[in-house]
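Asker: Below you'll find the structure I mean.
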Amino acid sequence: MLWGKKSKDRLIYLLCVGVAIAALFASPMLIAKSQPTVTPASPSQEIRGVWISNVGSGVLFAPWGIDRAVKQLNQLNFNTLYPVAWNRGYTFHPSKIAQQAVGRSQNPTLSLTHPGGDILSKMVTLVHRNGMRVVPWFEYGFLAPKNSELVKRHPTWLTYAQGSREATLKSRSQNPLDALRNQVTPENLWLNPFHPEVQQFLLDLIVEVVERYPVDGIQLDDHFGLPVELGYDSFTVNLYQQEHQGQSPPDDAREPEWMRWRADKITQFMGRIAQAVRAANPKAIVSLSPNSQDFAYGSYLQDWATWVERGWVDELVLQVYRKDLGRFQAELSQPAVQTARRRIPVGVGILTGTWGKPVSIDQVQDQVEAVRAQGFDGVSFFYWESLWGYIAPESPRDRRRVFQELFTPPPS
Amino acid sequence: MLITRQSRKLGEIGWGFWLQWILATLIGFLVSLYWIEVGGTPDLNAVEGVIGGGAIAIAQWWVIRQTFPKAWWWILVSIVGWGVLGLSHIGAVGWIAPSTSSIHLRILYGVLNGAKVGLLMGVAQWLMLRISVPKAEQWILASVAGWAAGLSLGWSIGEVLHRITGIFLGGVVGLTLAWVVTAAVTGTTLVKLARESIPEVG
Chain A
2 MLWGKKSKDR
12 LIYLLCVGVA
22 IAALFASPML
32 IAKSQPTVTP
42 ASPSQEIRGV
52 WISNVGSGVL
62 FAPWGIDRAV
72 KQLNQLNFNT
82 LYPVAWNRGY
92 TFHPSKIAQQ
102 AVGRSQNPTL
112 SLTHPGGDIL
122 SKMVTLVHRN
132 GMRVVPWFEY
142 GFLAPKNSEL
152 VKRHPTWLTY
162 AQGSREATLK
172 SRSQNPLDAL
182 RNQVTPENLW
192 LNPFHPEVQQ
202 FLLDLIVEVV
212 ERYPVDGIQL
222 DDHFGLPVEL
232 GYDSFTVNLY
242 QQEHQGQSPP
252 DDAREPEWMR
262 WRADKITQFM
272 GRIAQAVRAA
282 NPKAIVSLSP
292 NSQDFAYGSY
302 LQDWATWVER
312 GWVDELVLQV
322 YRKDLGRFQA
332 ELSQPAVQTA
342 RRRIPVGVGI
352 LTGTWGKPVS
362 IDQVQDQVEA
372 VRAQGFDGVS
382 FFYWESLWGY
392 IAPESPRDRR
402 RVFQELFTPP
412 PS
Chain B
139 MLITRQSRKL
149 GEIGWGFWLQ
159 WILATLIGFL
169 VSLYWIEVGG
179 TPDLNAVEGV
189 IGGGAIAIAQ
199 WWVIRQTFPK
209 AWWWILVSIV
219 GWGVLGLSHI
229 GAVGWIAPST
239 SSIHLRILYG
249 VLNGAKVGLL
259 MGVAQWLMLR
269 ISVPKAEQWI
279 LASVAGWAAG
289 LSLGWSIGEV
299 LHRITGIFLG
309 GVVGLTLAWV
319 VTAAVTGTTL
329 VKLARESIPE
339 VG
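Order-wise, the sequence lines are chains A and B. Per the numbering used here, the first sequence starts with residue 2, numbered consecutively. Per the numbering used here, the second sequence starts with residue 139, numbered consecutively.
And the structure:
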């Protein structure tokens, strides 16, 4: 025989080792189909953003996830990433503040998939290397799951509805982000935004990120507010009584003065955050991604129009998760949005889909074009996994082709 | 005539081997998705064929290596076969979800494309099998039948899932099913061929 058994075994193992080495060095899922690289748009131009969430997505947990995402987004001329920094009572970076308050420095799953690692640091480095912006997104705001360590350790930080010790509320929002959250963590409670310890905790979390990482800013969203039904906890009631000659808050949670009092307290806190961020890093922006002003104030006591007016918001990304193009365009024409546009860059958050709620690429394309037709400053998509992942209706490549078409060439 | 050690092993294989064969194929396919993004016909060609075919062939080789002599050839012939398929107008069909939403057409295309894939891969793999088993040509028929059945079933179920869920993942699940069905059919033949390979004692 020409070859002995040992020789054959060696050959087969060499072959396997060769394939394994080739696999390790090959870029996952883009081996054959790298999109042509086009010069990315500079961040000063149109906002082309995407939210990177830990919910319904493995991008932050898979060892290759962040590299692949940044590479693909750069190839398609995206220029802004909003990675989650605060969700379900955990941070997504090692945090001394979280360690003190929660007993864990970051999300426990991250500690398993990236032991000893810091994905925010990695993402900031990668994103900046590719000429894009990174704006960590404090997604959960005052939300915290009922079974979270944060809630267990700080029961006095919660606020309640009238006559209830349960702050759990069924979301009134049609926001698919809420639907996604509720699927996984159906019972979210609300931290009391008027409680000084809660405020200090959130403020410290935000400042810690701005001080420790060379981020381009931070983002708060529609959950940096409070459902209008809440605020009947003893701390808030006492505070209200102190400021109202002993009078208790009205039973009607929507009583205008009671709403205004609570909204103003949140507004004051927003002012503290803006000042603290600027003090920590004058180049860092404060980005806000709210719902329409009427809904944000009426349902979540979030008076963002005032925040913009007072100069505390540097960038607004209005969430307009509407299927109907007419309703989508109507949201863009709201007076508060138009007023904001005269002061700061205003982009539009577009839904690209969630698990169980896929969005066609035609709808996405129509909405991007509608945003551009009205002269907005850009778009951001919710969320990474549905841009061109398998949870979209069309094939990944078909969807990428549309984004490539939309974002090439870069607008001047 | 003496019974060789290898042929005795071939004679010993049974349904446990069949299950391992299916499981290995399934794992190989799922691992291949790390590198290969399922897509449409013009998007997947030789590179995907070589990588995907290699991933699955290595997983299958792991199962047959103790039983079939010169099993390492399995990897080479499979990689070459999938590479050739990828170069052809057929493409790397094992990772393709057709664009048509007609279930009838998907069944038809599945049978036609499956027969082509089965024929080419069957011939390629027969080159290795003929070394160790008599009547290895039956493998070609099994490959054609397995792929025609697997692809038509996987593509049609994939479309049903796509319609129900509205997401492309339905097509990916359909392809997974295609690989499993194909492995079940070809695995049956592999067991049969191996059992028939025991020479008479005399």
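Each residue gets a CB set at the ideal place from its N, CA and C atoms; glycine is no exception. Source: prediction; values computed, not measured.
Who pairs with Thr92/A in a beta bridge, going by DSSP?
Answerer: The partner list for Thr92/A (beta bridge, DSSP) reads Trp87/A.
Asker: Would you identify the three-state DSSP class for Ile194/B, choosing helix, strand or coil?
Answerer: Ile194/B falls in the helix class under three-state DSSP.
Asker: So what does Asp222/A bridge to, in DSSP terms?
Answerer: According to DSSP, which records beta bridges pairwise, Asp222/A is partnered with Ser290/A.
Asker: Taking 7 Å as the threshold (beta carbon to beta carbon), is Ile160/B in contact with chain A?
Answerer: Closer than 7 Å: no.
Asker: Assign Gln204/B to one of two classes, buried (16 or more other C-beta atoms within 10 Å of its C-beta) or exposed (fewer than that).
Answerer: It counts as exposed.
Asker: So, is Ser45/A buried or exposed, given that buried needs 16 or more other C-beta atoms within 10 angstroms?
Answerer: Note that Ser45/A has pLDDT 47, beneath the 50 cutoff, so the model's placement of it is unreliable and the number below is only indicative. By the neighbour-count rule (16 or more Cβ atoms within 10 Å), Ser45/A is not buried but exposed.
Asker: Looking only at its chain, what residues have a beta carbon closer than 6 Å to the beta carbon of Trp308/A, apart from the 5 residues adjacent to it on each side?
Answerer: These residues qualify, in order along the chain: Met271, Val314.
Asker: Exposed or buried, what is Pro397/A when buried is set at 16 or more other beta-carbons lying within 10 Å of its beta-carbon?
Answerer: Label assigned to Pro397/A: buried.
Asker: Taking 7 Å as the limit between beta carbons, can you name the residues of its chain near Thr110/A, skipping five residues before and five after?
Answerer: Once the five neighbours on either side are set aside, the close Cβ partners of Thr110/A are Phe62.
Asker: What residues in the segment 325-351 of chain A have a beta carbon less than 8 Å from any beta carbon of chain B?
Answerer: Answer set for the segment 325-351 of chain A: empty.
Asker: Taking C-alpha atoms, which residue in Phe296/A, Asp265/A, Ile48/A, Gly390/A lies nearest to Arg134/A?
Answerer: Residue Ile48/A is the option with its Cα nearest to Arg134/A.
Asker: Out of curiosity, what's the CA-to-CA distance linking Leu231/A and Thr160/A?
Answerer: Straight-line Cα distance between these residues: approximately 6 Å.
Asker: Put Ser381/A into one of helix, strand or coil per three-state DSSP.
Answerer: Strand at Ser381/A.
Asker: Beta-carbon within less than 8 Å of Phe377/A's beta-carbon, same chain only, minus the 5 sequence neighbours each way: which residues are those?
Answerer: Excluding sequence neighbours, Phe377/A sits near Leu333, Arg342, Val347, Gly348, Val349.
Asker: Please confirm whether Glu275/B has its beta-carbon closer than 7 Å to some beta-carbon of chain A.
Answerer: Closer than 7 Å: no.
Asker: Does Ala280/A pass the burial test, meaning 16 or more other C-beta atoms within 10 Å, or should it be called exposed?
Answerer: Exposed.
Asker: Taking Val310/B as the query, report the chain A residues whose CB atoms sit under 9 Å from its CB, ordered along the chain.
Answerer: The contacting residues are Tyr391.
Asker: Within a Cβ cutoff of 7 Å, which residues of the same chain sit near Asn193/A, ignoring the five residues on either side of it in sequence?
Answerer: Here the set comprises Trp158, Leu159, Thr160, Val199, Asp234, Phe236, Thr237.
Asker: If you run the structure through DSSP and keep just helix, strand and coil, what is Gly296/B?
Answerer: DSSP places Gly296/B in helix when its eight states are reduced to three.
Asker: State the Cα-Cα distance for the pair Lys147/A and Val287/A, rounded to the nearest angstrom.
Answerer: If you take the alpha carbons of Lys147/A and Val287/A, they lie about 29 Å apart.
Asker: Measure from the C-beta of Arg401/A to each C-beta in chain B and report whether the shortest distance is under 7 Å.
Answerer: Judged by the 7 Å Cβ criterion, Arg401/A is not in contact with chain B.
Asker: Does Ile305/B have its Cβ less than 7 Å from a Cβ in chain A?
Answerer: For Ile305/B, the answer is yes, since a Cβ of chain A falls inside 7 Å of its Cβ.
Asker: Where DSSP assigns a beta bridge to Gln320/A, which residues make up the other side?
Answerer: Gln320/A pairs with Gly350/A.
Asker: Checking contacts by CB at 7 Å: is Gly177/B closer than that to chain A?
Answerer: Cβ-Cβ to chain A under 7 Å: yes for Gly177/B.
Asker: In whole angstroms, give me the CA-to-CA distance for Trp293/B and Val255/B.
Answerer: The alpha-carbon atoms of Trp293/B and Val255/B are separated by roughly 14 Å.
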